[in-house]
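Participant:
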Amino acid sequence: MPKCNGLIPVEIKAGSVTPKRQLEALTQFIEEHQCPYSLLINNGDDVFKVSEKVYQVPAIYW
Numbered sequence: 000m001p002k003c004n005g006l007i008p009v010e011i012k013a014g015s016v017t018p019k020r021q022l023e024a025l026t027q028f029i030e031e032h033q034c035p036y037s038l039l040i041n042n043g044d045d046v047f048k049v050s051e052k053v054y055q056v057p058a059i060y061w
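Using numbering that gives the first Met the number 0, count along the sequence shown one by one with no gaps and you end on 61.
1. Considering just the uninterrupted stretch of the alpha helix (DSSP H) at E23, what are its terminal residues?
2. Among the residues of its own chain, which have a CB less than 7 angstroms from the CB of A58, if the five just before and after it don't count?
3. Taking the alpha-carbon of E10 as reference, which of D44, P35, T26, E31 has the nearest alpha-carbon?
4. Tell whether a beta-carbon distance below 7 angstroms holds between S50 and P8.
5. Provide the residue(s) that pair with P57 in DSSP beta bridges, ordered along the chain.
6. Between Y36 and the ligand SAM, is the CB less than 6 angstroms from at least one heavy atom?
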């Protein structure tokens, strides 16, 4: 399996809430490339952990 070699997978979504089923491709990429974590950027209000290796980050954070 290839490793991420320091890369951070990032997925950008237009909505403020992302159902977990929409993260399947990102989760699969993380597993295949042995990435330590990834970022989901969307229009949400808070930074938080969406799943074991996926963190939500708002596109605009005050």
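Ideal placement from N, C-alpha and C gives every residue a C-beta, glycine not left out. From a predicted model like this one, the values you see are computed outputs, not experimental measurements.
Facilitator: Let me spell this out:
1. 23-32
2. I40, N41, N42
3. T26
4. no
5. N41
6. Among the ligands in the structure shown, none appear at all, so the ligand SAM cannot be discussed.
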